[in-house]
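Participant: Handing you a structure now.
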């Protein structure tokens, strides 16, 4: 299990600026592909940490949405002009995981890494996709699980649901392989 390895401006790398690259601190995409190949030769599957609920404020989606809103002024946002305005809740760069265009982007991101040979994902902060709404979070996990398993049935998904057993037990309804047992 690799902690976040995608480009980020912070030390912890959980605020992604580019979902399709490797942070230079960890090498190049070629280095990563060589690593995956070496792991495969040894029968090791690699899972990557994937933060789906937020991006960096420097991510191109967020930057473009903010620029569009500044230019718009008091007008009503038109997702036809800038689809990224519907990707975010603008208190912080939190993604709106019900947005169908965003879900299509996330499907492309998952497919990109799984096609390279990644064995699955550790899903960061799944309990906070929609804060205080376990049912919504379970639906989002179910959607992501279905999308991944349809194309990669052997992919392994584990979600972080920082809570007690009474809460995270419900999250197994999503079909996900595993949840962290923090208790």
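In my numbering, the protein residues as written are 10 to 192. Note that beta-carbon positions come from the ideal geometry of N, C-alpha and C, so glycine has one too.
Apart from the five residues on each side of it in sequence, which residues of its chain come closer than 8 Å, Cβ to Cβ, to residue 35?
Facilitator: Numbered from 1 along the chain shown, position 26 holds the residue referred to as residue 35. Only 14 and 41 meet the Cβ criterion.
Participant: Could you check where the alpha helix (DSSP H) with residue 120 kicks off and where it finishes?
Facilitator: The count along the chain shown starts at 1 and reaches residue 120 at position 111. Per DSSP, residue 120 belongs to the alpha helix (DSSP H) from 109–125.
Participant: Who are residue 17's beta bridge partners in DSSP?
Facilitator: Here residue 17 refers to the residue found at position 8 of the chain shown. Bridge partners of residue 17: 25.
Participant: So, is residue 113 buried or exposed, given that buried needs 16 or more other C-beta atoms within 10 angstroms?
Facilitator: For the purposes of this step, residue 113 is taken as the residue at position 104 of the chain shown. Under this definition residue 113 is an exposed residue.
Participant: For the alpha helix (DSSP H) that residue 175 lies in, which residues bound it at each end?
Facilitator: For this step, residue 175 is matched to residue 166 along the chain shown. Here the alpha helix (DSSP H) through residue 175 covers 174–177.
Participant: Quick check on residue 144: does DSSP put it in helix, strand or coil?
Facilitator: Translated into positions along the chain shown, residue 144 becomes position 135. Of the three classes helix, strand and coil, the one that applies to residue 144 here is helix, per DSSP.
Participant: Can you tell me whether DSSP reads residue 44 as helix, strand or coil?
Facilitator: Within the chain shown, the letter at position 35 stands for residue 44. Of the three classes helix, strand and coil, the one that applies to residue 44 here is helix, per DSSP.
Participant: Which residues does DSSP list as the beta-bridge partners of residue 66?
Facilitator: For the purposes of this step, residue 66 is taken as the residue at position 57 of the chain shown. Paired residues: none, contrary to the question.
Participant: Could you please give me the residues that DSSP links to residue 58 through a beta bridge?
Facilitator: Mapped onto the chain shown, residue 58 falls at position 49. Within the DSSP bridge table, the entry for residue 58 names 131 as partners.
Participant: Quick test of the definition: if touching needs 3 or more C-beta pairs under 8 Å, does the segment 87–107 touch the segment 117–126?
Facilitator: no
Participant: Which residue or residues does DSSP assign as beta-bridge partners of residue 154?
Facilitator: Counted from its first residue, the chain shown places residue 154 at position 145. Paired residues: none, contrary to the question.
Participant: Within the chosen definition, does the segment 92–101 reach the segment 21–29 through at least 3 CB pairs nearer than 8 Å?
Facilitator: no
Participant: Quick test of the definition: if touching needs 3 or more C-beta pairs under 8 Å, does the segment 69–87 touch the segment 41–61?
Facilitator: Two segments are said to touch when three or more pairs of C-beta atoms, one from each, lie closer than 8 Å; by this definition the segment 69–87 does not touch the segment 41–61.
Participant: Tell me residue 168's beta-bridge partners as DSSP assigns them.
Facilitator: Position 159 of the chain shown holds residue 168. BP columns for residue 168 point to 132 and 188.
Participant: Using only the alpha-carbon positions, how far apart do residue 108 and residue 46 sit?
Facilitator: To locate residue 108, count along the chain shown from 1; it is residue 99. To locate residue 46, count along the chain shown from 1; it is residue 37. Rounded to whole angstroms, residue 108 to residue 46 spans 35 Å at the Cα level.
Participant: Just the Cα atoms here: how many angstroms apart are residue 155 and residue 184?
Facilitator: Residue numbering aside, residue 155 sits at position 146 when the chain shown is read from its first letter. Residue numbering aside, residue 184 sits at position 175 when the chain shown is read from its first letter. The alpha-carbon atoms of residue 155 and residue 184 are separated by roughly 8 Å.
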